[in-house]
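To convert, note that position 14 of the sequence shown is 14 in this note's numbering; the numbers rise steadily by one, no gaps.
From the three backbone atoms N, C-alpha and C, an ideal C-beta is built for every residue, glycine too.
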Amino acid sequence: MIIFMLFILSMCIYMFRMPADEYDHQYYEKGLSFDKDYKREQLVIKDHAQPAISQEGDHLLIRFTTPAAGKISLIRPADKASDRAYPLTSGESNVVYIPLNGVKKGQWQLMLEWGAEGKSYLYQQEIYIQ
Numbered sequence: 001m002i003i004f005m006l007f008i009l010s011m012c013i014y015m016f017r018m019p020a021d022e023y024d025h026q027y028y029e030k031g032l033s034f035d036k037d038y039k040r041e042q043l044v045i046k047d048h049a050q051p052a053i054s055q056e057g058d059h060l061l062i063r064f065t066t067p068a069a070g071k072i073s074l075i076r077p078a079d080k081a082s083d084r085a086y087p088l089t090s091g092e093s094n095v096v097y098i099p100l101n102g103v104k105k106g107q108w109q110l111m112l113e114w115g116a117e118g119k120s121y122l123y124q125q126e127i128y129i130q
């Protein structure tokens, strides 16, 4: 009986030492907005509005097909605390420069949400910052 109780006690201790489950607590809300986001991503393809993205020195250069305004998010898959958001305003040049000072090198998810000519777009791309 003592061996069985020690076994149960050790299993409880083991379970409480396991890291917290990375459950997405906004799963339901994200599911509701999936159709809206999917339509905005498809509109980028339909309108041939995919931006050209390149890294030039310590800046990320994003070139749009038309003047755009919205939001840029740099999401770090390995470290949520490193995520960054920038306002997006391209002006007449259709170009946006994002400074990379203090941004860790490595894999990032780039998310662009913008509006142009009365349409709303969403574009996501994985990038590697050097």
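Buried or exposed (CB count within 10 angstroms, at least 16 for buried), residue i
i	result
Tyr123	buried
Ser33	exposed
Pro51	buried
Leu6	exposed
Ser10	exposed
Candidates the options, of which the one nearest residue i by Cα
i	options	result
Pro99	Gln55, Gly118 and Lys71	Gln55
Tyr121	Leu88, Gln107 and Val103	Leu88
Ala85	Leu112, Val95, Ala78 and Asp79	Leu112
Leu110	Ser90, Ile45, Val95 and Pro77	Pro77
Asp132	Ile3, Ser90, Val103 and Val95	Nothing in the structure corresponds to residue 132, since the chain is present only between 1 and 130.
Residue i vs residue j beta-carbon contact at 9 Å
i	j	result
Lys61	Ile53	Here the sequence assigns Leu to residue 61, which means Lys is not the residue at that position. Contact: yes.
Trp108	Glu92	no
Ile75	Lys105	no
Gly70	Trp114	yes
Asp47	Lys119	yes
Ala116	Ala49	yes
Three-state class that DSSP yields for residue i in the structure shown
i	result
Leu100	coil
Gln130	coil
Lys119	strand
Asp50	Asp is not the amino acid found at residue 50; the sequence shown has Gln there. Gln50 falls in the coil class under three-state DSSP.
Lys71	strand
Met18	coil
Met111	strand
Ala85	strand
Arg76	coil
Gly57	coil
Inter-stretch contact at 8 Å, needing at least 3 Cβ pairs: the region 28-39 / the region 57-73 | no
Would you call the region 9-24 and the region 97-111 in contact, with 3 or more CB pairs under 8 Å?
-> no
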